[in-house]
Amino acid sequence: MYSGPKVGVLALQGDVREHGAALSELGAHVVEVRTPEDLAGVDALVLPGGESTTMSLLLQSSGLFDPIADRLADGMPAFGTCAGMILLASEVVDGRPDQRSFAAIDIAVRRNAFGRQVDSFEAEVDVAGVGPVPAVFIRAPFVERAGAGVEVLAEVDGHPVVCRSGPVLVASFHPELSGDLRLHELFLGGWEI
Ligand code: GLN
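Residue numbers for the sequence shown follow my numbering, so the first one is 147 and each next one is one higher.
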């Protein structure tokens, strides 16, 4: 029935359904991940947009934080959008003191970085190797520091908004809300055999 890989979507909070729809359209077998058992069966994980502080708390209460951290340390491919990007970062600037992140990509991410007046906006963002994509930013973070092994694939006003490090891809915006599947395709193409 499914031709593609088993891709988990972290389904504790946020725009889970939209990611699932984009991935299914590309032929992936989508699994909503709510428990460590769900996680065990997936080849890769997408961390959606939503609220990173809430997701951080739910990751701990669901018992998913440590198993996900272990899989990421073993090289599980992951794609984080907006709050998901914050969860994958090595450093969170302006986070809640008790907020945890996976340090799967060596970036410092500032939460709600575009400021109050433009806390939500749409723009066209030129992504290296992909081209211009429509991008929906909702109280979006940007990258303040990218480590040596991190490729910056797109910037807005000089701030990195799409980065990649090995099989880990992150975007400040919400490709799952634009109907353009190319960033999901970029993610799957980075590791799918
Ligand atoms: N500002 C949110 C956070 O800190 C992210 C917003 C989003 O995912 N749209 O988690």
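Ideal Cβ placement from N, Cα and C applies to all residues, glycine included.
Note that the structure is predicted; figures quoted are calculated from it, not measured.
Query: Minimum Cβ-Cβ distance from residue 171 to chain D less than 7 Å; Result: The structure shown contains no chain D; it is built from a single protein chain.
Query: Any non-hydrogen atom of the ligand GLN closer than 6 Å to residue 197 Cβ; Result: yes
Query: The segment 175-193 contacting the segment 154-161, beta-carbon criterion three pairs below 8 Å; Result: yes
Query: Contact test: residue 253 Cβ vs the ligand GLN heavy atom, cutoff 6 Å; Result: no
Query: With 16 other Cβ atoms within 10 Å as the buried cut-off, status of residue 311; Result: buried
Query: Any non-hydrogen atom of the ligand GLN within 6 Å of residue 228 CB; Result: yes
Query: Proximity test, residue 285 beta-carbon vs the ligand GLN heavy atom, cut-off 6 Å; Result: yes
Query: Whole-angstrom distance between residue 251 and residue 273, CA atom to CA atom; Result: 18 Å
Query: Residue from 202, 304, 318, 206 whose Cα sits closest to the Cα of residue 265; Result: 318
Query: Beta-carbon proximity list for residue 256, same chain, < 7 Å, skipping 5 on both sides; Result: 239, 240, 287, 288, 290
Query: Per-residue DSSP class, three states only, for residue 324; Result: coil
Query: Exposed unless 16 or more other CB atoms sit within 10 angstroms - verdict on residue 217; Result: buried
Query: Closer than 6 Å: residue 257 CB and nearest the ligand GLN heavy atom; Result: yes
Query: Exposed unless 16 or more other CB atoms sit within 10 angstroms - verdict on residue 277; Result: exposed
Query: Exposure of residue 164, with buried meaning 16 or more beta-carbon neighbours within 10 Å; Result: buried
Query: From 214, 213, 202, residue whose alpha carbon lies closest to that of residue 245; Result: 202
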